[in-house]
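Heads up: the structure comes next, in structure tokens.
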Amino acid sequence: MFKGKRIWGVAVVAVLGLVILLGAAAYITKTYTVRTVYVEGNVHYTEEEIKAIVMDGPLGDNSIYLSLKYKNRGIEGIPFVDVMDVDVLSPDTIKIIVYEKKLTGCVRYLDTYVYFDRDGYVVESSGVRTVGVPQIMGLQFDHIVKGEILPVEDRDIFNSILDITKLLQKYSLAPDRIYFNGSGETSLYFGDVRVALGNDPATLEDKLMLLSKFLDEIGGKKGTLQMQTYDEDSGKYTFKPE
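So for the sequence shown, my numbering puts the first residue at 6; every next one is plus one.
Here it is, written out as structure tokens:
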């Protein structure tokens with residue numbers, strides 16, 4: 006009889022323990038299920054793509070699990086991304102911070118866009134063009150290796166590319182393409198408009214400072230804006246329509 010009571014007592018304790026565990030699991034699931042996700046720092050990937058990467062797999066929507074999974078460890082091995090950090094702001098809210106690789110420009114090679122950094126090192130390649138990264142044209146090379154410098158003859162060209170891309174960002178200009186010819190002259194392409202800047206680095210910023218205004222004046226016309234010999238004193242320039 007005592008043995009039967011002992012078994013019954015153990016069963017009751019086991020059931021109570023199971024109920025408590027199920028209750029705790031239900032509470033955690035309800036309370037710590039991620040309902041709000043903030044994403045910042047992403048350019049190459051959309052917010053939905055970032056969420057899918059971070060919250061992949063079982064319990065990927067549980068903030069406790071995510072806080073443990075990414076504690077002192079970011080997400081690596083994603084193309085175009087150096088690292089991603091996950092901050093748990095509240096039981097149902099997380100923030101994903103994306104630190105993308107610094108891309109200065111890209112070149113077209115074998116039907117692929119090849120992206121490089123400020124020093125000319127090849128960072129990534131993709132069949133998709135990344136918004137905000139200018140395509141550089143006029144560079145001559147016969148092969149490309151990821152992690153190595155683009156094998157161009159004049160490596161000083163990367164300084165020129167960095168200088169002009171910094172100025173373009175400064176003045177909120179986003180050309181489709183930047184072309185460098187063999188004489189050191191630079192052209193920018195905005196849709197059907199070609200902007201010929203010449204080869205004088207000393208006047209480059211002055212020209213780009215005014216370029217947005219000139220493009221507005223040109224409107225939807227097709228042609229070449231000749232700023233090689235732009236007269237800054239008179240404010241005149243030449244536009245040759247096509």
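Glycine included, every Cβ here is placed at the ideal spot set by N, Cα and C.
Looking at the structure shown, is residue i part of a helix, part of a strand, or coil, going by DSSP?
i: residue 69; result: helix
i: residue 246; result: strand
i: residue 83; result: coil
i: residue 221; result: helix
i: residue 60; result: coil
i: residue 109; result: coil
i: residue 211; result: helix
i: residue 115; result: coil
i: residue 29; result: Caution is warranted here: a pLDDT of 49 is assigned to residue 29, below 50, making its placement in the model unreliable, and the coordinate value is therefore given only provisionally. In the structure shown, residue 29 sits in a helix (DSSP, three-state: H, G or I).
i: residue 227; result: coil
i: residue 74; result: helix
i: residue 7; result: Note that residue 7 scores a pLDDT of 49, beneath 50, so its modelled location is shaky; the value from the coordinates is reported in the next line. Residue 7 falls in the helix class under three-state DSSP.
Would you call the CB atoms of residue i and residue j closer than 8 Å?
i: residue 123; j: residue 163; result: yes
i: residue 185; j: residue 143; result: yes
i: residue 136; j: residue 145; result: no
i: residue 223; j: residue 198; result: yes
i: residue 202; j: residue 215; result: no
i: residue 39; j: residue 97; result: yes
i: residue 155; j: residue 200; result: no
i: residue 37; j: residue 68; result: yes
i: residue 204; j: residue 228; result: no
i: residue 71; j: residue 99; result: yes
Does the ligand GDP have even one heavy atom less than 7 Å from the beta-carbon of residue i?
i: residue 113; result: Of the ligands one can find in the structure shown there are none, so the ligand GDP has no counterpart to examine.
If I'm right that residue i touches residue j with Cβ under 8 Å, what's the distance once you round it to whole angstroms?
i: residue 92; j: residue 79; result: Actually they do not touch by this definition, with Cβ atoms about 11 Å apart.
i: residue 138; j: residue 101; result: Not really, about 22 Å apart at Cβ, beyond 8 Å.
i: residue 226; j: residue 246; result: 6 Å
i: residue 117; j: residue 166; result: Contact flag wrong, Cβ pair sits at about 19 Å.
Thinking C-alpha only, which one of the options is nearest residue i?
i: residue 150; options: 99, 100 and 127; result: 127
i: residue 81; options: 104, 218, 192 and 39; result: 104
i: residue 2; options: 200, 141 and 99; result: Nothing can be reported for residue 2: it is not among the residues displayed for the chain, which extend from 6 to 247.
i: residue 182; options: 113, 48 and 107; result: 113
i: residue 172; options: 206, 190 and 201; result: 206
i: residue 221; options: 190, 188, 178 and 191; result: 178
i: residue 106; options: 152, 62 and 208; result: 152
i: residue 131; options: 231, 49 and 147; result: 49
i: residue 176; options: 160, 209 and 129; result: 209
i: residue 161; options: 148, 190 and 125; result: 125
i: residue 148; options: 159, 115 and 99; result: 115
i: residue 47; options: 64, 83, 61 and 70; result: 83
Checklist entry - If you scan the stretch 135–192 from start to end, which runs of the alpha helix (DSSP H) of 4 or more residues do you find wholly inside it? => result 162–175
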